[in-house]
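Reading through the structure tokens given below for one structure.
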């Protein structure tokens, strides 16, 4: 009898196993893997039997991840159903037809009971190409201004420091006046604005303009102020790759520039505002020396290390650095001295760069509906949000990011949600964007290295982008 | 399996004469070779004639020689060729000189050391060669960092500031020295083994005739070693032309494009910019250039030897 029962159970479980669909997630090594691993374990324990879907995942190394995902998608391999893709890449993959449009899935209440309204608009827009939705945002990133609150507090209160600050502010003002005579006409408005906004008294970082940023950076740089407790005031990301343009865009937007003429694809990176933004950014190294001299080899890890080692007083850095910089184990020198705030204000206000890591559905997948159910749960449910928050970053949905449960885990996300909602700005979604990004990057790093004059660099990037888009048929 | 193989062999042998059999036996190896090298090469030529990007990958327009013309008239392309040739020439030259000097020192002095020391010294000397280039990149990226790196810290302590990675010329030279640090042991190993395999009679005869050490090395040892040196130089030159990992991790081609070698340039064109057609054209042009350089180098080195 027992044997009969056991064999019946085995037959039933074999049938269930046979009926269940296996959905495979293509994921990058790192915190995102930790997130997917935990989420997959949870799903398989609680939903696999009910939904008939088992979640598996395949991990790929960080170096070469973009190449691997490109070759896998273009090979039309059905091996992976859901893939972790940066929003920048959506345009060209969508144009190639290797991504499944998600509109019909999200419009079905049964498949997508969460609704799209809670997503921050800028992050959802970065998932659309030609009006169609190709991805759902998973984790959003932006920049914070990280600063040493112990040093800034002292600067705001200590008499001797304030006097020195005032002296440095006057020197920087005089230098900007000199610069005004040297730069081309189109850069002058930006320099005038910087001069007008220089204050002789230190200001709290949440109210900083780029002028305050510059003077405070000079104050904390030993070559300007031998008594500075830090080697350099700040740092920037200048290594060719993903980071320099994404940081510089915040300078560009806040000086009043943009990529294209409104409503068109005519590039405007040769605008006066773009030239002012690039002149200011490159001058932090080349003229004022308020950043380490080797910033053209810096990206995320170097900036993190500069802050962690206490060698700089403040810096713009990705939000992902916050847990590391406030961890006693990982940053024993500064963990209790780091604070974050908004990016400084320019002539055109404040702008935060945002980009979103998303989950897309492989058009070659043989289990699209099942895969979408998992994708939707990962990106839009409270449970998915908790796994993202615990291991990776915030899902850009106000109902998740600002929920009490999540804010308890990450109180810094209250500021981040504000940065995204009020000042969030993303790149354009178009197939040519990665190439445009690289063109911009080449000229930025050239300007930083002093190989190209900032004005010429802006003109060159603009004409190269124009030629690229013209050859791609954008201008008829 | 073995019995099956013998049976197949017998059948094939009975089918015809031995002259056909030898070709049949080559089929498996040639098929694998064709699949892993010839097919990708032909596919690269095909890609280079089309304007293939990620977005039109499945339906690319025919572009003829357009990709070749665009690249041959591109300043970025020629800059990367210049950087590659400078990087290769300097690193191979330094590696050759360092490897030769080390090999001679070891050859002359190693006999005086006991075997325990010999083993330790040779292991230490060969260690850099055993590291993956990516690891070397990560190590030097940290060691050269102005804020936390040991090299700038040491230079600062003796009152020297050298913009090792920020000056475009010095950045390339720094990468050359890193390559030389890693690969001089290879030259050492090859030359050192060569020295041990040389016949002793010509050297002894020269010594009897009263030749000095310098004369023996200049007129006997080096000429005898030159075929080995030629092979080592070509191996290293081909490797240096392909250098990618270390450069990618330390400078990514910067400052500006001062250290953008041809491999970096191809990487940026194909994967960052998504231009597969242009990338394929660059690889074909590079292959032709490399073939010419190798031919010239071989001719030159054998002439010297």
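Residue numbers (the numbering used here), protein chains in the order written: chain A, 104 to 579; chain B, -7 to 297. Glycine included, each C-beta is placed from N, C-alpha and C at the ideal position.
Looking at A:447, A:424 and A:221, the one whose alpha-carbon comes closest to that of residue 437 (chain A) is A:424. In the displayed model, residue 516 (chain A) falls within a helix according to three-state DSSP. Between residue 136 (chain A) and chain B, the shortest Cβ-Cβ separation is not below 8 Å. Between residue 273 (chain B) and residue 267 (chain B), the alpha-carbon positions lie close to 10 Å from each other. Look at residue 412 (chain A): its C-beta is under 8 Å from a C-beta on chain B.
Counting only Cβ-Cβ distances below 9 Å, residue 334 (chain A) has contacts in chain B at 138 and 139, in chain order. Identification of residues in the segment 258 to 288 of chain B having a C-beta nearer than 7 Å to some C-beta of chain A yields 260, 263, 264, 265 and 266, given in sequence order. Considering only B:151, B:41, B:223 and B:156, the residue with the shortest C-alpha distance to residue 186 (chain B) is B:223. Here the alpha carbons of residue 298 (chain A) and residue 277 (chain A) stand approximately 9 Å from one another. Contact with chain B is absent for residue 213 (chain A), since none of that chain's Cβ atoms lies less than 8 Å from the residue's Cβ. Close CB contacts of residue 309 (chain A) within its chain, under the 8 Å cut and outside five residues either way in sequence, are with 444 and 445 (chain order).
Assignment of beta-bridge partners to residue 188 (chain A) by DSSP yields A:461.
Proximity of residue 67 (chain B) to chain A, defined by a Cβ-Cβ separation below 8 Å, is not satisfied.
Between residue 46 (chain B) and residue 199 (chain A) the beta-carbon gap is near 5 Å, inside 8 Å, which marks them as a contact. Within chain A, the residues whose beta carbon sits less than 8 Å from that of residue 157 (chain B) are 397, 399 and 400, listed in sequence order. No Cβ of chain A is located within less than 8 Å of the beta carbon of residue 235 (chain B).
Unbroken alpha helix (DSSP H) stretches of 4 residues or longer found wholly inside the segment 85 to 142 of chain B: 107 to 122 and 125 to 135, given in chain order.
Taking CB atoms only, residue 227 (chain A) has no neighbour in chain B less than 8 Å away. Residue pairing from DSSP places residue 246 (chain A) in a beta bridge opposite A:421. Per DSSP, reduced to three states, the secondary structure at residue 446 (chain A) is coil, with no helix or strand assignment. Contact between residue 254 (chain A) and residue 305 (chain A) does not hold, since the beta-carbon distance rounds to 11 Å and is not under 8 Å.
For the set A:208, A:286 and A:223, the Cα lying nearest the Cα of residue 529 (chain A) is the one of A:223. For residue 295 (chain A), the uninterrupted alpha helix (DSSP H) segment begins and ends at 291 to 299. Against chain A, the beta carbon of residue 46 (chain B) has neighbours under 9 Å at 173, 176, 177, 192, 195, 196, 198, 199, 201, 534 and 537, listed in chain order. A Cβ of chain A is located within less than 8 Å of the beta carbon of residue 249 (chain B).
Beyond the five residues adjoining it in sequence on each side, residue 274 (chain A) comes within less than 8 Å, by CB distance, of 321 and 327 in the same chain, given in chain order. Take residue 209 (chain A), set aside five residues on each side of it, and the residues of its chain with a beta-carbon closer than 7 Å to its own are 215, 219 and 236, in chain order. The distance from the Cβ of residue 569 (chain A) to that of residue 416 (chain A) is about 40 Å, inconsistent with a contact at the 8 Å cut-off.
Cβ-Cβ distances below 7 Å link residue 37 (chain B) to 276 in the same chain, with the five nearest sequence neighbours on each side left out; the list follows chain order.
Between residue 579 (chain A) and chain B, the shortest Cβ-Cβ separation is not below 8 Å. Taking a Cβ-Cβ cut-off of 8 Å, residue 151 (chain B) has no neighbours in chain A, whose nearest Cβ is about 15 Å from it. When C-alpha distances from residue 50 (chain B) are compared across A:197, A:161 and A:472, the shortest belongs to A:197.
Using a Cβ-Cβ cut-off of 8 Å, residue 54 (chain B) does not count as an interface residue toward chain A, since no Cβ of chain A sits closer than that to its own.
In this structure, residue 316 (chain A) lies near residue 447 (chain A), with their beta-carbon atoms less than 8 Å apart. In this structure residue 171 (chain B) is in contact with residue 83 (chain B), their Cβ atoms being roughly 4 Å apart against a cut-off of 8 Å.
The Cβ atoms of residue 455 (chain A) and residue 543 (chain A) lie no closer than 8 Å to each other.
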